[in-house]
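Okay, so here's the structure we're looking at.
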Amino acid sequence: MDNSHNFETNAVRQQIESTHAQEHSTPMYLTSSFTYADAEEMRAAFAGEVEKNIYSRFSNPNTQELVDKLCAMEQAEAGYAFASGMAAVFSTFAALLSSGDHIISCRSIFGSTHTVLNKILPKWNISTTYVDIKDTDNWHRAVTPSSKLLYVETPTNPAVDLVDLKWLGDFAKKHGLILVVDNCFATPYLQKPITFGADLVIHSATKFIDGQGRVLGGITVGRKDLIEEIYAFSRSTGPAMSPFNAWVLSKSLETLAVRMDRHCENALKLSEYLERHKAVNWVRYPFLPSHPQHEIAKTQMSAGGGVVAFGIKGDIERGRRFLNNIKMCSLTANLGDSRTIVTHPSSTTHAKLSEEERLKVDISPELIRVSVGLEHVDDIIADIDQALTNS
Ligand SMILES: *Cc1c(COP(=O)(O)O)cnc(C)c1O
41 MDNSHNFETN
51 AVRQQIESTH
61 AQEHSTPMYL
71 TSSFTYADAE
81 EMRAAFAGEV
91 EKNIYSRFSN
101 PNTQELVDKL
111 CAMEQAEAGY
121 AFASGMAAVF
131 STFAALLSSG
141 DHIISCRSIF
151 GSTHTVLNKI
161 LPKWNISTTY
171 VDIKDTDNWH
181 RAVTPSSKLL
191 YVETPTNPAV
201 DLVDLKWLGD
211 FAKKHGLILV
221 VDNCFATPYL
231 QKPITFGADL
241 VIHSATKFID
251 GQGRVLGGIT
261 VGRKDLIEEI
271 YAFSRSTGPA
281 MSPFNAWVLS
291 KSLETLAVRM
301 DRHCENALKL
311 SEYLERHKAV
321 NWVRYPFLPS
331 HPQHEIAKTQ
341 MSAGGGVVAF
351 GIKGDIERGR
361 RFLNNIKMCS
371 LTANLGDSRT
381 IVTHPSSTTH
391 AKLSEEERLK
401 VDISPELIRV
411 SVGLEHVDDI
421 IADIDQALTN
431 S
């Protein structure tokens, strides 16, 4: 496939070859296996001497189109598509790490990733040290002779803090560590971690890549030698993405650039509005000059993304009342959807944790997270404004 064009063009034009029907739009390949003309062709396929599909747990034309497209967008050498973002996260760790290995991770990460690092990987004697990303000394102190992999999200969820990717890429190289970046919040349209030295990039395709809250998916892309290990692990253990989901997600990537432009435009306008609101203590958005890491944001992101965090004045009950007063926006756990989603983590998704535990993962009682959608920005602001006023 020709991926020599610009980002938007690759996203639209990168397709697998059409069939005898000469269809314009890629069809769905809903087949579990593929056939061969004779024993010799089958032998060569199984020996890996020719690039042929064998079985959809290994590869499928639809998943291959999606992977090739995302590789072009992330400037990656190779990739593999998974049934969900968490299948991508777990399989990447499981394929690359062995008993005794050590991971260094940023403190504020997606909840299920936290569970994998804290509860599942220790079963195989793989340990994790969490660092506060704002002080680079913390990274130096965390390195041990067993350290093998650095894992970060940027911007982080839900605090919208940033990791300096250029600095971390150099640090990983110096210590011989594999740098893995979860690029779910930024998408390759806004940020390409591989160009800053990341070895692998992980996506929950469920979020902005799908963009309409329809399907689950995950993808890991990056260095070919590492992807080969991930492929060998996944081909036998079975976390593969379904061809149907790959078909949906490949179509979704065609519109990623235009959707992200609007997500970012709406999110910036909402942040500027919230900064002036008297019921709001603080606003965190990478492209607001008041963001403490605004300078880093400008060097590694082309716009601020679709997620805004803000602190509502008052106690945890005020946050609950704010949610209860929301009329148009959705109260749901997802993000990256065309519909604006409002969450108050301390009274909902993270209510089971103690306040101290919540603060450890940067969730204060006042924190509200908004995944800003594609509705008209005036309607988004009007709904949030009336909910703030009435709370
Ligand atoms: C949602 C999410 C995941 C997990 O993806 P699923 O598709 O839900 O399995 C991982 N990382 C981040 C940052 C996410 O937001």
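For the sequence shown, position 40 matches number 80 in this note's numbering, and the numbering has no gaps at all. All C-beta atoms in this analysis are idealised placements derived from N, C-alpha and C, irrespective of residue type, glycine included.
Closest to residue i by CA distance: which of the options is it?
{"i": "Ser-311", "options": "Gly-278, Gly-351 and Glu-294", "result": "Gly-351"}
{"i": "Met-67", "options": "Glu-48, Pro-101 and Ser-73", "result": "Sequence inspection shows Pro at residue 67; the Met mentioned does not correspond to that position. Comparing Cα positions, the closest option is Pro-101."}
{"i": "Ala-226", "options": "Leu-393, Thr-103, Glu-57 and Lys-338", "result": "Lys-338"}
{"i": "Ser-342", "options": "Phe-327, Gln-333, Gly-354 and Ile-356", "result": "Phe-327"}
{"i": "Ser-411", "options": "Val-156, Thr-372, Leu-230 and Ser-282", "result": "Thr-372"}
{"i": "Lys-291", "options": "Ala-51, Gly-262 and Phe-47", "result": "Ala-51"}
{"i": "Gly-237", "options": "Thr-176, Lys-206 and Val-298", "result": "Lys-206"}
{"i": "Cys-369", "options": "His-215, Gln-340 and Gly-413", "result": "Gly-413"}
{"i": "Lys-232", "options": "Leu-157, Ser-386 and Leu-110", "result": "Leu-110"}
{"i": "Gly-251", "options": "Ile-424, Arg-379 and Ala-87", "result": "Arg-379"}
{"i": "Ala-77", "options": "Thr-71, Leu-70 and Lys-92", "result": "Lys-92"}
{"i": "Phe-98", "options": "Ala-79, Gly-119 and Gly-151", "result": "Gly-119"}
{"i": "Val-288", "options": "Arg-275, Leu-308 and Phe-248", "result": "Phe-248"}
{"i": "Ala-307", "options": "Ile-242, Ile-420 and Gly-278", "result": "Ile-420"}
{"i": "Ser-73", "options": "Leu-189, Leu-266, Pro-283 and Ser-139", "result": "Pro-283"}
{"i": "Asn-178", "options": "Asn-197, Ser-145 and Glu-81", "result": "Ser-145"}
{"i": "Asn-43", "options": "Thr-71, Tyr-95 and Glu-114", "result": "Glu-114"}
{"i": "Leu-230", "options": "Met-300, His-390, Met-82 and Ser-65", "result": "Met-300"}
{"i": "Pro-279", "options": "Glu-294, Phe-86, Ala-112 and Ala-128", "result": "Ala-128"}
{"i": "Val-401", "options": "Glu-80, Pro-185, Thr-196 and His-243", "result": "Thr-196"}
{"i": "Ser-390", "options": "His-416, Ile-356, Glu-415 and Gly-376", "result": "Correcting the residue identity first, residue 390 is His in this sequence and not Ser. Checked all of His-416, Ile-356, Glu-415 and Gly-376; the closest Cα to His-390 is Ile-356."}
{"i": "Glu-268", "options": "Phe-47, Ser-131, His-416 and Leu-70", "result": "Ser-131"}
{"i": "Leu-293", "options": "Thr-71, Leu-106 and Tyr-271", "result": "Leu-106"}
{"i": "Ala-212", "options": "Glu-80, His-180 and Pro-228", "result": "His-180"}
From residue i to residue j, what distance separates their C-alpha atoms?
{"i": "Arg-254", "j": "Ala-286", "result": "12 Å"}
{"i": "Tyr-325", "j": "Lys-174", "result": "16 Å"}
{"i": "His-154", "j": "His-60", "result": "47 Å"}
{"i": "Thr-194", "j": "Glu-89", "result": "39 Å"}
{"i": "Met-281", "j": "Glu-406", "result": "37 Å"}
{"i": "Ile-408", "j": "Ala-427", "result": "12 Å"}
{"i": "Glu-63", "j": "Arg-53", "result": "14 Å"}
{"i": "Gly-344", "j": "Lys-159", "result": "33 Å"}
{"i": "Lys-353", "j": "Arg-316", "result": "13 Å"}
{"i": "Asp-239", "j": "Val-382", "result": "33 Å"}
{"i": "Ile-259", "j": "Leu-136", "result": "15 Å"}
{"i": "Arg-275", "j": "Ile-94", "result": "11 Å"}
{"i": "Gly-216", "j": "Thr-168", "result": "17 Å"}
{"i": "Trp-322", "j": "Ser-394", "result": "23 Å"}
{"i": "Ser-386", "j": "Asn-364", "result": "14 Å"}
{"i": "Gln-340", "j": "Asp-204", "result": "8 Å"}
{"i": "Ile-143", "j": "Ser-96", "result": "32 Å"}
{"i": "Lys-318", "j": "Gly-151", "result": "31 Å"}
{"i": "Asn-223", "j": "Leu-190", "result": "14 Å"}
{"i": "Thr-295", "j": "Ala-112", "result": "15 Å"}
{"i": "Val-298", "j": "Phe-47", "result": "12 Å"}
{"i": "Glu-397", "j": "Arg-358", "result": "20 Å"}
{"i": "Thr-377", "j": "Glu-415", "result": "For the record, residue 377 in the displayed sequence is Asp; it is not Thr. Between Asp-377 and Glu-415, the C-alpha separation is close to 11 Å."}
{"i": "Val-65", "j": "Phe-86", "result": "Looking at the sequence shown, residue 65 is not Val but Ser. Rounded to the nearest angstrom, the two C-alpha atoms are 30 Å apart."}
{"i": "His-331", "j": "Pro-198", "result": "14 Å"}
{"i": "Met-82", "j": "Thr-75", "result": "8 Å"}
{"i": "Thr-270", "j": "His-243", "result": "One point to set straight first is that residue 270 is Ile, not Thr, in the sequence displayed. So the alpha carbons of these two residues sit roughly 15 Å apart."}
{"i": "Tyr-170", "j": "His-334", "result": "23 Å"}
{"i": "Pro-228", "j": "Thr-176", "result": "25 Å"}
{"i": "Lys-309", "j": "Ala-84", "result": "57 Å"}
{"i": "Asn-374", "j": "Asp-425", "result": "22 Å"}
Taking residue i and residue j to be in contact with their CB atoms under 8 Å, please state how far apart those CB atoms are, rounded to whole angstroms.
{"i": "Ala-349", "j": "Val-221", "result": "Going by Cβ atoms, the distance from Ala-349 to Val-221 rounds to 20 Å, so no, they are not a contact pair."}
{"i": "Thr-49", "j": "Gly-125", "result": "About 27 Å; that fails the 8 Å criterion."}
{"i": "Asn-384", "j": "Gly-346", "result": "The residue you asked about is not Asn; residue 384 is His in the sequence shown. Between Gly-346 and His-384 the Cβ distance is about 18 Å, and since that is not below 8 Å, they are no contact."}
{"i": "Leu-256", "j": "Ala-134", "result": "No, Leu-256 and Ala-134 are not in contact; Cβ-Cβ is about 19 Å, not under 8 Å."}
{"i": "Ile-149", "j": "Gln-104", "result": "No, Ile-149 and Gln-104 are not in contact; Cβ-Cβ is about 30 Å, not under 8 Å."}
{"i": "Ser-404", "j": "Arg-361", "result": "In fact, because the Cβ distance is near 17 Å, the residues do not count as touching under 8 Å."}
{"i": "Asp-141", "j": "Lys-214", "result": "Not really, about 19 Å apart at Cβ, beyond 8 Å."}
{"i": "Ile-234", "j": "Ala-121", "result": "Ile-234 to Ala-121, Cβ: 17 Å. No contact."}
{"i": "Asp-423", "j": "Lys-367", "result": "6 Å"}
{"i": "Leu-208", "j": "Val-192", "result": "7 Å"}
{"i": "Arg-147", "j": "Asp-172", "result": "6 Å"}
{"i": "Leu-266", "j": "Ile-218", "result": "7 Å"}
{"i": "Ser-139", "j": "Asn-165", "result": "4 Å"}
{"i": "Ser-161", "j": "Ile-336", "result": "Reading off the sequence, residue 161 comes out as Leu, not Ser. Not a contact, Cβ separation roughly 29 Å."}
Report the residue ranges of all beta strand (DSSP E) runs contained in full by the segment 238 to 280; include only those spanning at least 3 residues, in chain order.
-> 240 to 244 and 258 to 262
Tell me the start and end of each unbroken beta strand (DSSP E) in the segment 279 to 362 that is at least 3 residues and wholly inside, in chain order.
-> 320 to 324 and 347 to 352
Tell me the start and end of each unbroken alpha helix (DSSP H) in the segment 170 to 215 that is at least 4 residues and wholly inside, in chain order.
-> 176 to 182 and 205 to 215
Could you name each continuous beta strand (DSSP E) segment of 3 residues or more that falls completely within the segment 123 to 166, going from the start of the chain to the end?
-> 142 to 146
Completely contained alpha helix (DSSP H) runs for the segment 361 to 431, where each covers 4 or more residues | 395 to 400 and 417 to 430
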